[in-house]
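S.K.: Residue numbers (UniProt numbering): 1 to 252. Beta carbons: idealized from backbone N, C-alpha and C, even for Gly. Below: one structure in structure tokens.
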Amino acid sequence: MNNIVHVRVRPFGKVYRYLNNLGIELKKGDFVVVEGDFGLTLGYVLKTSSDTENSFKPVMRKATQEDMEAFQKNLSLEKEAWNFCLQRINERQLPMKLLVVESALDRKRIIFYFTAEGRIDFRELVKDLAAKFKTRIEMRQIGVRDEAKFLGGIGVCGFETCCKTFISFFKPISLKMAKDQEIVLNVSKLSGLCGRLKCCLRHEYYDEAEDTVDEEIIAQEEKEPEIKKLSFIIKEAEELIDESSGGKDESK
Numbered sequence: 001m002n003n004i005v006h007v008r009v010r011p012f013g014k015v016y017r018y019l020n021n022l023g024i025e026l027k028k029g030d031f032v033v034v035e036g037d038f039g040l041t042l043g044y045v046l047k048t049s050s051d052t053e054n055s056f057k058p059v060m061r062k063a064t065q066e067d068m069e070a071f072q073k074n075l076s077l078e079k080e081a082w083n084f085c086l087q088r089i090n091e092r093q094l095p096m097k098l099l100v101v102e103s104a105l106d107r108k109r110i111i112f113y114f115t116a117e118g119r120i121d122f123r124e125l126v127k128d129l130a131a132k133f134k135t136r137i138e139m140r141q142i143g144v145r146d147e148a149k150f151l152g153g154i155g156v157c158g159f160e161t162c163c164k165t166f167i168s169f170f171k172p173i174s175l176k177m178a179k180d181q182e183i184v185l186n187v188s189k190l191s192g193l194c195g196r197l198k199c200c201l202r203h204e205y206y207d208e209a210e211d212t213v214d215e216e217i218i219a220q221e222e223k224e225p226e227i228k229k230l231s232f233i234i235k236e237a238e239e240l241i242d243e244s245s246g247g248k249d250e251s252k
């Protein structure tokens, strides 16, 4: 029996690995209660695997009917909290954009996600929320890429954005990735809905591809060849020849 379960804690949220030491088999689609970043939360199993490492947090339990009912009730609480928080933001004229509200399964904590241009003094807002909901309140300021992941959308490819569908953790993306793929460096076309470089630029970029390129090159006039370009996608290297020698570029 596989001892590791890969759990998504929210629809289109991040995927975490947990240790299954319950003594029962968990399979894809099962709902489980786990300890997330902000307390107990309900998640569902995407897949299982085996690992000898036992440092993962354990699955608390397989979700019961009471857990499922509590989750549904929390959805109503989150909607109420979102409306109340938005009202207080407008009344206090705070320069922030409220995105998503999440409640821990046991309601011991409510998290409010928002974006803002700079730092926001939301201490009075937190007091309003704590007085209203009688629980611990946390405000989480997130970036534009996380905002796009929360909200979703359709990319220029015609499909739902990668960040919304399958990306769990963001990795760095640079223009060098586009250059290595010989993509025209038009920033507006390379930018996604979030205004940052598209995540898909990384899909065709291979960190270790340079090691696989054939370095054997046909030299001209017994000269030491110089690499002009490496094409990682088609695994091709071109030689740079002095034009005055009358030689031609050769590739392999």
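1. Apart from the five residues on each side of it in sequence, which residues of its chain come closer than 8 Å, Cβ to Cβ, to ASN21?
2. Please classify LYS164 as buried or exposed, where buried requires at least 16 other C-beta atoms within 10 Å of its C-beta.
3. Under the DSSP definition of a beta bridge, which residues are partnered with ARG61?
4. Buried or exposed: PHE159, going by 16 or more other Cβ atoms within 10 Å of its Cβ?
5. Have a look at ARG109 and LEU40 and give me their C-alpha separation to the nearest angstrom.
6. Using the three-state DSSP reduction, which class does ILE110 fall into: helix, strand or coil?
7. Between the Cα of LYS176 and those of LYS28, THR161, ALA104 and LYS198, spot the shortest distance and give me the residue it belongs to.
8. Using the Cα positions of SER245 and ARG196, report the straight-line distance between them to the nearest angstrom.
9. What are the uninterrupted segments assigned as alpha helix (DSSP H) that are 4 or more residues long and contained completely in the region 140 to 193, given in chain order?
10. List the endpoints of the continuous alpha helix (DSSP H) containing ARG123.
11. Exposed or buried, which one is VAL34 when buried takes at least 16 other CB atoms within 10 Å?
12. Whole angstroms are fine: how far does the CA of VAL5 sit from the CA of ILE24?
13. Just verifying my parser: in three-state terms, what is the DSSP assignment at SER76?
M.R.: Reading off the structure:
1. ASN3, PRO58 and VAL59
2. buried
3. VAL33
4. exposed
5. 9 Å
6. strand
7. LYS198
8. Caution applies to SER245, whose pLDDT of 37 falls short of 50 and renders its modelled position unreliable; the value that the coordinates give is listed next. So the alpha carbons of these two residues sit roughly 45 Å apart.
9. 144 to 151, 162 to 165, 175 to 180 and 187 to 190
10. 123 to 133
11. buried
12. 12 Å
13. helix
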